[in-house]
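Number of protein chains: 2
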Amino acid sequence: MRQSEHFPDSVTVIEVGPRDGFQNVKGEIPTEEKVKIINLLATSGLKRIEATSFTHPKWIPQLKDAAEVIRCINRGSDVVFSALIPNEKGLDRAIENGVEEVVFVVSASDALNRENFNQSTAESLAELAAISPKAKRNGVRLRGAIAASFGCPLEGSVAVERVIDVAKAFQKAEVCEVSLADTTGMAHPLQVRDLLCRLFAEFSDLPLALHFHDTRRIGLVNVYSAWQIGARIFESSIAGLGGCPYAPGAPGNVATESLVYMFHRIGVETGVDLESLMECSRITKEVVGGIDPDRCHG
Amino acid sequence: MRQSEHFPDSVTVIEVGPRDGFQNVKGEIPTEEKVKIINLLATSGLKRIEATSFTHPKWIPQLKDAAEVIRCINRGSDVVFSALIPNEKGLDRAIENGVEEVVFVVSASDALNRENFNQSTAESLAELAAISPKAKRNGVRLRGAIAASFGCPLEGSVAVERVIDVAKAFQKAEVCEVSLADTTGMAHPLQVRDLLCRLFAEFSDLPLALHFHDTRRIGLVNVYSAWQIGARIFESSIAGLGGCPYAPGAPGNVATESLVYMFHRIGVETGVDLESLMECSRITKEVVGGIDPDRCHG
């Protein structure tokens, strides 16, 4: 167990709705609506927001306005806005647009990495040799994310060793943090416990974040299980948007408002005002529901 | 902790949808549809089903067909069908109709007991002196349920001692089992852990079941927390129906299919076939959604 058994009383919540949520909406959300929601999220007390992704618009047309979003949101606050990057080109665009933190995603499953990024996991990791120093030179914080950490939609189960290998490569590239993503939504609480026990033992100096989907309604159980074992950094998505390209119609990511509610109930601080967040969720559902009625998760 | 730390690998699931779910549906579900769903639930492998409630139709008109439901369902199987009773009159009707198990509900909160049953908790418990021997004489198994075990919609928090007092009265009346209900949907996992630690220590010979609502999406976390501390009997509702008279529009009870999915994922047997259950959930949503579109929880 990473942290003491006395359960320190705060966690960090990383809001990923504007990236992971909006990229999964079928229709086009107007940029000003995205900006409005991101600003609202920031005023609710969230201190870390994944605002967009610098992926080629051919692959994710929903986020083709990445540069404009970054330019238009209120940056004067103490909130860190990050952007996902799939490769060095994404980093270049992020730097051009003054992004302070980028999230480089690599899949622990080779098949999924090829599917998503047209190259093997090893090839993606090799890019770190260019990405990491370039990010550092430009004062951009680099964060790693490991897709398919708990299973792969194409390969099925993924060996813990693969996750550890990717995390080691990230650590060598001096990322500030590594996020473990349950891409398939198939993680379960005992798997979470076991994987984290291994990883916390292996990476005592590397902050680890968790990103759970709620595809089968057990996302929050996984959050709780991770918290019990010592995890203190969680990604979630306002209104539960996003998260489930492999299970159409199913719920998406763990909803930020549910996660914050749970932590507040057990006496764990998040720094977030739950009422503002609920209002933000309501507005997000309104905006997204007007565009893509399938994506109105509760 | 009641059970060993090695976590025995099976739990008992009590389906309460036909009672707790159907009584919360706005329109009238035809009796034959109820019977169809109950029979389907039984064929999915569920061994305990709360089929209806012998409450005066003035209070719960949705279940005015209790006798007909009990008469029409397939009773030849190895499934125990129970019925809720609010008082001795309910027991009389249950006996008349050949019910083999009745659930007598008392609230740990006096205010809620008055609201629901027009008498104090003590007055309800005094009825046990008549109910218990009458049930025994008629070969009907008596089970107790404690409403507001984790908080009260009227009084707020409820002292553990109140829950213990009611459980003791039930134990004295020789009930076969006591169910602890999270009537408000406000239970949280650490509260569950603490309450169960107390109760398991106090009632080592009395089986305790848990009934959680999913009002704020943490119902399954509470189930998991209870399981971690040794609970092995859980109530849930197909399609998540029911459960939230105090939070309109919110999800209802923990959905049986989500609960079964979670337990199967962590290697805990339920005896239930998840695919049959999913199909049953789909049919239930279809039936109920045609009658009460507000009650189509996912």
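Going line by line, the protein sequences match chains R and V. Each residue of the first sequence is one higher than the last, beginning at 3 in our numbering. Each residue of the second sequence is one higher than the last, beginning at 3 in our numbering. Beta carbons: idealized from backbone N, C-alpha and C, even for Gly.
Three or more Cβ pairs closer than 8 Å define a contact, and the segment 28-39 of chain R falls short of that threshold against the segment 254-271 of chain R. The contact set of residue 285/R on chain V, defined by CB atoms closer than 7 Å, is empty, because the minimum CB distance reaches about 17 Å.
For residue 78/V, the number of other beta carbons within 10 angstroms of its own is below 16, and it is reported as exposed. Residue 220/V belongs to the set of residues whose beta carbon lies under 8 Å from a beta carbon in chain R. In the three-state DSSP reduction, residue 30/V falls in the coil class, being neither helix nor strand. A contact between stretches requires three or more CB pairs, one per stretch, nearer than 8 Å, and the segment 230-247 of chain V fails this requirement with the segment 259-278 of chain R.
For residue 258/V, the enclosing alpha helix (DSSP H) stretches over residues 258-267.
Beta-bridge pairing by DSSP links residue 144/V to 104/V. With 16 or more other CB atoms across the displayed protein chains lying within 10 angstroms of its CB, residue 67/R is buried. For residue 225/R, no beta strand (DSSP E) run applies; the uninterrupted alpha helix (DSSP H) run containing it begins and ends at 221-231, by DSSP. For the segment 186-197 of chain V, the set of residues with a beta-carbon nearer than 7 Å to any beta-carbon of chain R comprises 190, 191, 192, in chain order.
Residue 48/V and residue 146/V have their C-alpha atoms some 20 Å from each other. Counting every other CB atom within 10 Å of its CB across the protein chains shown gives residue 253/V a total of 16 or more, marking it as buried. Here the alpha carbons of residue 268/R and residue 50/V stand approximately 32 Å from one another. Residue 243/V sits away from residue 289/V, with the two beta carbons spaced by 8 Å or more.
Judged by DSSP secondary structure, residue 236/R falls within the beta strand (DSSP E) whose first and last residues are 235-238.
Residue 93/R sits close to residue 133/R, with the two beta carbons spaced by under 8 Å. Within the same chain, 74 come within 8 Å of residue 34/V by CB-CB distance, once the 5 residues on both sides are set aside. The C-beta of residue 52/V has 16 or more other C-beta atoms within 10 Å across all chains shown, which makes the residue buried. Straight-line measurement puts the Cα of residue 180/R at about 19 Å from the Cα of residue 12/R. Linking residue 148/R to residue 171/R through their CA atoms gives a straight-line distance of about 11 Å. Fully contained in the segment 54-93 of chain R are the following beta strand (DSSP E) runs of length 3 or more, in chain order: 82-87. Contact of residue 278/V with chain R is not assigned, every C-beta pair being separated by 8 Å or more. For a Cβ distance threshold of 9 Å, residue set 219 of chain R lies close to residue 257/V, ordered along the chain. The beta-carbon of residue 260/V is placed less than 8 Å from the nearest beta-carbon of chain R.
Within 10 angstroms of the beta-carbon of residue 169/R lie 16 or more other beta-carbons, which makes it buried. Under a criterion of Cβ atoms nearer than 7 Å, the residues of chain V adjacent to residue 223/R are, in order, 222, 223, 226, 264. For residue 181/R, the uninterrupted beta strand (DSSP E) segment begins and ends at 180-183. Of the candidates 240/V, 193/V, 238/V, 193/V places its Cα closest to the Cα of residue 227/V. For residue 123/R, the three-state secondary structure derived from DSSP is helix. With 16 or more neighbouring CB atoms inside 10 Å of its own CB, residue 20/R falls in the buried class.
Taking CB atoms only, residue 234/V has no neighbour in chain R less than 8 Å away.
Out of 64/V, 158/V, 220/V, 199/V, the CA that lies nearest to the CA of residue 110/V is found in 158/V.
Taking the C-beta atoms as reference points, residue 210/V is found no nearer than 8 Å to residue 222/V.
For a Cβ distance threshold of 9 Å, residue set 188, 189, 190, 191, 192, 193, 218, 220 of chain V lies close to residue 267/R, ordered along the chain.
Around the beta-carbon of residue 80/V, fewer than 16 other beta-carbon atoms lie within 10 Å, marking it exposed.
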